[in-house]
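A short write-up of the structure that comes next.
Numbering (my numbering), first residue to last: 2 to 446.
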């Protein structure tokens, strides 16, 4: 009879087999709940860390902006400098200075001087008396003269230079303005940030005297304020700004470390990286919308007599670099999320990677057929391909993180250079045979 290889088990062997089956069953029944619980805890912790990183990234953008306004003179001047040529701000300054100058000119004295001059010329008394009734037209004409003179001063290139240089000189007072301490050309009083425009009044005075209005020479030195920002909540805002200014140097690094911890803790780190990118992008989207909504709220609560157009121009100028930072960080987050997705096993990601590889491979084959010899370079790139890719990403991250004030265009061009670097890496990689089409579950390169 043929031997089938089936031999009866001894009682000892059967007992050991039953015991092994029992142990395996016990291990399986006890391992799955623990693994599931372990997976749940890791996922929950990762989600919480990523959400915290998104919140910190939002605060870090504001903190860096606040820090730059206080500590960076060039940044501050670049922020407020364009206001000198803004038509709405020029109109508001013109109105303010015109009112101040007219308040210092006594129209009655001017009319009396005119009457005396007419009398000296031998004009009949009735005509001289008629001149005395011209105070209304004289006031109107005087207002037009002063307003026109102020407008020419404010719209001149000399005013822009004075504005920029004055703001550069008084930048050291901005910190005092934000903390509510001390006096200076920039001050924080009565819930407002104001700039003393006395030099403009002095220039107007000189021009009026030069135009023949001698009474303007009697205008005393006037210190009047042009309000840049005014709000009943500015006391609270300056406190928050001061805290963010102190934390501005640390918050970006803390946010990055928290995000890295969230990705590292996750069970699926690629999914976590996508989630972190999208979370930060949404945080930037929310901040951008908040800045737009707050602009309307701020303008709706301006005090009576304030110019909404000028206030809107000032608001836009002050947050211009903040908006740029929001867009730049949002672009980085979105690019990271897209890059993590394209490195995965999904059908779209595989098709994109295979399409790029085949296109670059076809270009390489044409170049080789035309006499290009890569030789040792191709073998070196193939051997260290992964590390070359890591080096490209690290250099890009260092550039973005150390760039003083990266803009959206800086992010876009850095991304383009990274893609070109990966394309060159793929082109030089001649050490492997042509790869078969990547399967749906292929790992990321």
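From the three backbone atoms N, C-alpha and C, an ideal C-beta is built for every residue, glycine too. Computed from a prediction, not measured in an experiment: that's the story for all the values here.
inquiry  = Once the 5 residues before and after residue 169 are set aside, which same chain residues still bring their CB inside 7 Å of it?
reply    = What you label residue 169 is simply residue 168 of the chain shown in a count that begins at 1. The answer, listed in chain order, is 74, 78.
The region 148-155 / the region 94-107 touching (three or more Cβ pairs under 8 Å) = yes
query = Where does residue 89 sit, in a helix, a strand or coil, going by DSSP?
reply = Counting from 1 along the chain shown, the entry for residue 89 is found at position 88. Of the three classes helix, strand and coil, the one that applies to residue 89 here is helix, per DSSP.
query = With a CB to CB cut of under 6 Å and the five nearest residues on each side skipped, what residues in its chain are close to residue 275?
reply = In the chain shown, counting from the first residue as 1, residue 275 sits at position 274. Here the set comprises 338, 341, 342.
ask   = In the structure shown, what three-state DSSP assignment does residue 200 receive?
value = Here residue 200 refers to the residue found at position 199 of the chain shown. If DSSP states are grouped into helix, strand and coil, residue 200 belongs with the helices.
query = Is residue 1 helix, strand or coil when you go by DSSP?
reply = No answer is possible for residue 1: it lies beyond the span of the chain, which begins at 2 and ends at 446.
request  = Evaluate contact between the region 371-386 and the region 284-294, counting only Cβ atoms and requiring at least three cross-stretch pairs below 8 Å.
outcome  = no
inquiry  = Measuring only the C-alpha atoms, how far is residue 248 from residue 259?
reply    = In the chain shown, counting from the first residue as 1, residue 248 sits at position 247. In the chain shown, counting from the first residue as 1, residue 259 sits at position 258. Looking at the two C-alpha atoms, the distance is approximately 16 Å.
ask   = Taking buried to mean at least 16 other C-beta atoms within 10 Å of its own C-beta, is residue 417 buried or exposed?
value = Numbered from 1 along the chain shown, position 416 holds the residue referred to as residue 417. By the 10 Å Cβ count, residue 417 comes out exposed.
key: Reduced DSSP secondary structure (H/G/I, E/B, other) of residue 73   = Reading the chain shown from its first residue, position 72 is the one you call residue 73. Reduced to three states, the DSSP call for residue 73 is coil.
ask   = Can a CB atom of chain D be found closer than 8 Å to the CB of residue 274?
value = Judged by its chain identifiers, the structure shown contains no chain D, having just a single protein chain.
query = Got a sec? Which residues, its chain only, sit under 7 Å from residue 427 by beta carbon, not counting five neighbours each side?
reply = By one-based count along the chain shown, residue 427 stands at place 426. Excluding residues up to 5 positions away in sequence, 358, 361 lie with their Cβ nearer than 7 Å to the Cβ of residue 427 in the same chain.
message = So, under 8 Å CB-CB, residue 47 and residue 266 are touching, yes? Tell me the CB distance rounded to an integer number of Å.
response = Residue mapping note: residue 47 aligns to position 46 of the chain shown, counting from 1. Residue mapping note: residue 266 aligns to position 265 of the chain shown, counting from 1. Residue 47 to residue 266, Cβ: 4 Å. Contact.
request  = Please determine if the region 296-305 and the region 321-339 are in contact, where contact requires at least 3 C-beta pairs separated by less than 8 Å.
outcome  = no
message = With H, G and I counted as helix, E and B as strand and the rest as coil, what does DSSP make of residue 106?
response = Here residue 106 is taken as the residue at index 105 of the chain shown, counted from 1. DSSP places residue 106 in coil when its eight states are reduced to three.
Supposed contact pair residue 334 and residue 285 - C-beta distance, whole angstroms, cut 8 Å = As a working note, residue 285 is residue 284 in the chain shown. As a working note, residue 334 is residue 333 in the chain shown. Between residue 334 and residue 285 the Cβ distance is about 7 Å, and since that is below 8 Å, they are a contact.
Extent of the continuous alpha helix (DSSP H) run through residue 381 = As a first step, residue 381 must be located in the chain shown, where it is residue number 380. 377-384 is the span of the alpha helix (DSSP H), which, as asked, contains residue 381.
ask   = What separation, rounded to the nearest whole angstrom, lies between the Cα atoms of residue 386 and residue 315?
value = The sequence position of residue 386 within the chain shown is 385, counting from 1. The sequence position of residue 315 within the chain shown is 314, counting from 1. Rounded to whole angstroms, the separation of the alpha carbons of residue 315 and residue 386 is 51 Å.
inquiry  = What would DSSP say about residue 96, mapped onto helix, strand or coil?
reply    = Locating residue 96 in the chain shown gives position 95, counting from the first residue. In the structure shown, residue 96 sits in a helix (DSSP, three-state: H, G or I).
query = Start and end of the alpha helix (DSSP H) containing residue 317?
reply = In the chain shown, the residue the question calls residue 317 occupies position 316. Where residue 317 is concerned, the enclosing alpha helix (DSSP H) stretches over 309-319.
request  = Would you decide whether residue 403 is buried or exposed? Buried here means 16 or more other CB atoms lie within 10 Å of its CB.
outcome  = Within the chain shown, residue 403 is the residue found at index 402, counting from 1. The residue is exposed, with fewer than 16 neighbouring Cβ atoms inside 10 Å.
task = Determine the DSSP secondary structure at residue 448, reduced to helix, strand or coil.
result = This structure cannot speak to residue 448, because the chain is shown only from 2 to 446.
ask   = Are residue 393 and residue 382 close, meaning C-beta to C-beta below 8 Å?
value = Walking along the chain shown from the start, residue 393 turns up at place 392. Walking along the chain shown from the start, residue 382 turns up at place 381. Not in contact: residue 393 and residue 382 (Cβ atoms no closer than 8 Å).
query = Relative to the C-alpha of residue 277, which residue among 45, 55, 21 is closest?
reply = Stepping through the chain shown from its first residue, residue 277 is reached at position 276. The candidate whose alpha carbon is nearest that of residue 277 is 55.
ask   = When the Cα of residue 251 is compared with those of 64, 42, 49, which residue comes out closest?
value = Locating residue 251 in the chain shown gives position 250, counting from the first residue. Nearest option by C-alpha distance: 64.
request  = Would you decide whether residue 66 is buried or exposed? Buried here means 16 or more other CB atoms lie within 10 Å of its CB.
outcome  = As a position in the chain shown, residue 66 is number 65, starting the count at 1. Result: buried.
query = With distances taken between CB atoms, is the gap from residue 397 to residue 415 smaller than 8 Å?
reply = The residue labelled residue 397 in the question sits at position 396 within the chain shown. The residue labelled residue 415 in the question sits at position 414 within the chain shown. In contact: residue 397 and residue 415 (Cβ atoms closer than 8 Å).
From 302, 423, 83, 430, residue whose alpha carbon lies closest to that of residue 158 = Locating residue 158 in the chain shown gives position 157, counting from the first residue. Among 302, 423, 83, 430, the Cα nearest to that of residue 158 belongs to 83.
task = Quick one: grab the DSSP three-state call for residue 157.
result = Here residue 157 refers to the residue found at position 156 when the chain shown is read from its first residue. Residue state, collapsed to three classes: coil.
query = By Cβ distance, which residues of its chain are closer than 8 Å to residue 318, with the 5 residues on each side in sequence left out?
reply = What you label residue 318 is simply residue 317 of the chain shown in a count that begins at 1. The answer, listed in chain order, is 80, 81, 83, 84, 87.
ask   = What's the C-alpha gap between residue 210 and residue 283?
value = Translated into the one-based positions of the chain shown, residue 210 becomes position 209. Translated into the one-based positions of the chain shown, residue 283 becomes position 282. Taking the straight line from one Cα to the other gives about 59 Å.
ask   = Hey, how far is the Cα of residue 76 from the Cα of residue 323?
value = Reading the chain shown from its first residue, position 75 is the one you call residue 76. Reading the chain shown from its first residue, position 322 is the one you call residue 323. Between residue 76 and residue 323, the C-alpha separation is close to 12 Å.
query = Is residue 102 buried or exposed, if buried means 16 or more other CB atoms sit within 10 Å of its CB?
reply = For this step, residue 102 is matched to residue 101 along the chain shown. Counting other Cβ atoms within 10 Å of its Cβ, residue 102 reaches 16 or more and is therefore classed as buried.
request  = Measuring alpha carbon to alpha carbon, tell me which of 41, 273, 263, 431 ends up nearest residue 384.
outcome  = For the purposes of this step, residue 384 is taken as the residue at position 383 of the chain shown. Among 41, 273, 263, 431, the Cα nearest to that of residue 384 belongs to 431.
message = Spatial neighbours of residue 412 within its chain, please: C-beta separation below 6 Å, excluding the five flanking residues on both sides.
response = Taking the first residue of the chain shown as 1, we reach residue 412 at position 411. Contacts found: 329, 332, 333.
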